[in-house]
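Scroll down for the structure; my scribbles are underneath it.
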Amino acid sequence: MILSIEELSIASKEKNIVDTVSLSIKEGEWFALVGQSGSGKSLLSQAIGQMLSPNLKVTGRILFKDEDLLTYTQKDMRNIRGCKVSYIFQDYQGSFTPFRTIGQHLDEYQKTHGIKDKKERKQHTVDALVSVGLDETLSKRYPFQLSGGQLQRVSIAIALLLSPDLIIADEMTTALDSVSGHRILELLAKRQKETGCTILFITHDWRHVRRYADRLAIMKDGQIVEKGNKHRILDHPGHPYTKQLISAAPILGSGLRSGLGEVGHV
Ligand SMILES: Nc1ncnc2c1ncn2[C@@H]1O[C@H](COP(=O)(O)OP(=O)(O)OP(=O)(O)O)[C@@H](O)[C@H]1O
């Protein structure tokens, strides 16, 4: 297992938001985390990178390659984030500084992670943009001069820049139209095949679960109610809440089984 979350709880002063959650993610798999809004999916993913607000208290263990990330200092975590574990967020606009070009973003990211040679950074920047299907000339543009789909491609390029082992994608296509979202996920799947990275994918969209996930977990009210292989869960959901979610997803509720061809994905 590349990541094992053991009895993780996240609490505010008022209440336990994530409640003794345990799950394991295998190296190289696409693991989906699905569930109700407010069930704690984003907080759980933020806990992995120690990115929670200071008002939240975390207990449990987050074993990444057998080391407990919760025991790491902020300095240790800065070396892990981006390098070994990287994030792609729904709010891609907020991930970019408006007055910096795309090239400067990629350059800065590499500098922060200790790549000193300017020529090497420039080459990495070109390679990274090309790897996500963008023309290298886009590096001279400012974020507002790119479409949402292009910016999310840049986010993928940045997330993969330092060859992380784990990518955490939190509702990364929500802000895109469905065609752009589909292209972005196809790109992520292609890059995963090429790099072998592991993906923790947070989504509300069962079409994406069906198309990309290997295994998944379903969260409700801060707890995991069911987890397992995609085909098992989609074809034979065990928990009433999973059944309810699946039957509410029109494309799955209509009786289409997990292994059959995609319909109306875009
Ligand atoms: N810093 C915080 N302090 C207190 N409560 C918080 C804090 N951050 C988030 N919450 C609450 O924790 C709960 C879980 O939030 P989280 O963002 O993890 O949900 P989610 O499952 O990702 O939802 P969605 O699918 O809508 O993004 C929510 O009720 C949210 O309001």
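Counting along the sequence shown from 1, when you hit position 29 you're at 30 in this note's numbering, and nothing is skipped either side.
Glycine included, every Cβ here is placed at the ideal spot set by N, Cα and C.
Since we're looking at a predicted model, the values are computed, not measured.
- The beta-carbon separation of Arg-142 and Ile-185, rounded to 19 Å, does not stay under the 8 Å limit for a contact.
- Taken from the Cβ of Ile-219, every heavy atom of ligand 1 lies 7 Å or farther away.
- Taking each of Gln-91, Lys-76, Glu-109 in turn and checking the Cα distance to Leu-177, the smallest one comes out for Gln-91.
- A direct Cα-to-Cα measurement between Ile-26 and Ala-190 gives close to 17 Å.
- Taking the C-beta atoms as reference points, Val-210 is found nearer than 8 Å to Leu-217.
- Put simply, of Phe-97, Gly-95, Glu-7 the residue whose alpha carbon is nearest the alpha carbon of Asp-67 is Glu-7.
- Not a single heavy atom of ligand 1 lies less than 7 Å from the C-beta of His-209.
- Set against 7 Å, the gap from the CB of Ile-18 to the closest heavy atom of ligand 1 is smaller.
- Cβ neighbours of Asn-56 within its own chain (closer than 8 Å, five residues either side excluded): Ser-13, Lys-14.
- For the stretch 137-169, not one full-length beta strand (DSSP E) segment reaches 3 residues or more.
- One alpha carbon belongs to Ala-160, the other to Tyr-88, and they sit about 6 Å apart.
- Beta-bridge analysis with DSSP links Tyr-88 to Ile-169.
- According to the DSSP secondary-structure assignment, Leu-34 is paired through a beta bridge with Ile-203, Ala-218.
- Thr-243 is positioned such that its CB atom lies closer than 8 Å to that of Ile-219.
- Our two residues, Asp-77 and Leu-70, have alpha carbons roughly 9 Å apart in a direct line.
- In the DSSP assignment, Asp-69 is bridged to Leu-64.
- Per DSSP, Lys-76 is one residue of the alpha helix (DSSP H) stretching across 75-81.
- Counting other Cβ atoms within 10 Å of its Cβ, Pro-144 reaches 16 or more and is therefore classed as buried.
- A distance criterion of 7 Å places the beta-carbon of Gly-36 in contact range of ligand 1, judged by its closest non-hydrogen atom.
- DSSP places Ser-54 in the coil class of the three-state scheme, outside both helix and strand.
- In the structure shown, the three-state DSSP call for Gly-104 is helix.
- Under the three-state reduction of DSSP output, Ser-10 falls in the strand class.
- In this structure Ser-23 does not touch Gly-223 by the C-beta definition: roughly 13 Å separates them, more than the 8 Å allowed.
- With the rule of 3 Cβ pairs closer than 8 Å, the stretch 230-245 does not count as touching the stretch 46-56.
- Just measuring C-alpha positions, the residue of Ile-103, Asp-118, Leu-188, His-125 sitting nearest Gly-134 is Leu-188.
- Excluding its 5 nearest sequence neighbours in each direction, Thr-98 has C-beta neighbours in its own chain below 8 Å: His-106, Pro-144, listed in chain order.
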